[in-house]
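Novice: Quick one: the structure is below, questions incoming.
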Amino acid sequence: MSFVDNLVKQVGSTLGITSTTPNISFFAIPAVWVISILCHFYAAANAPTKDGNKGFSNASPRGYLASIQRKEKKSPAEERFIRAEAAQQNGFENLPFFAAAIIAGNVAKLPVSNGAGLDMSLFNRTEFGRTWE
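In case it helps, the numbering used here puts the sequence shown at residues 1 to 133.
Listed below in structure tokens is the structure:
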């Protein structure tokens with residue numbers, strides 16, 4: 001048994017944790033937040049300019065998005081901006097449900113081996129954001 005395995009076992013037994021498998025499910029919550037905010041960073045970095053002026057401004061991000069959405073004919077860059085902002089908003093809207101599911105799973109003491117579903121969830125969230133852009 002390696003030093004790290006022995007240390008995990010000693011700390012776990014001190015805390016009353018019998019499993020030596022690390023539970024990293026709580027780290028998925030900030031990971032989903034980061035994945036969601038990356039869609040916004042992508043949108044802001046690639047925002048179309050407005051009539052030769054500066055493009056996206058953080059002073060009024062919703063106003064900028066609304067001004068683009070009101071346009072009848074949108075350029076491909078504007079459509080990409082709208083989709084990236086929608087992916088970011090969707091991620092933030094779903095984050096509380098995802099966090100509640102992670103917390104409920106830990107309270108119910110689900111086996112850590114069920115983390116395969118967690119991996120798939122993070123993969124799906126990443127692909128969802130990527131394909132919307």
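No residue lacks a Cβ here, since even glycine has one placed at the ideal position from N, Cα and C.
Report the three-state DSSP secondary structure of T131 (helix, strand or coil).
Specialist: helix
Novice: Give me the Cβ distance between V32 and F98, rounded to the nearest whole Å; I'm assuming they're in contact under 8 Å.
Specialist: 6 Å
Novice: Is the number of C-beta pairs between the stretch 64 to 74 and the stretch 100 to 114 that are closer than 8 Å three or more?
Specialist: no
Novice: Would you be able to state if there are at least three C-beta pairs under 8 Å between the stretch 81 to 88 and the stretch 29 to 45?
Specialist: yes
Novice: Look at the Cβ atom of G55, then the Cβ atom of P48, and state whether they are nearer than 7 Å.
Specialist: yes
Novice: At 4 residues or longer, what runs of the alpha helix (DSSP H) sit wholly inside the stretch 20 to 46?
Specialist: Given a length threshold of 4 residues, each whole run of the alpha helix (DSSP H) inside the stretch 20 to 46 is given here in chain order: 28 to 45.
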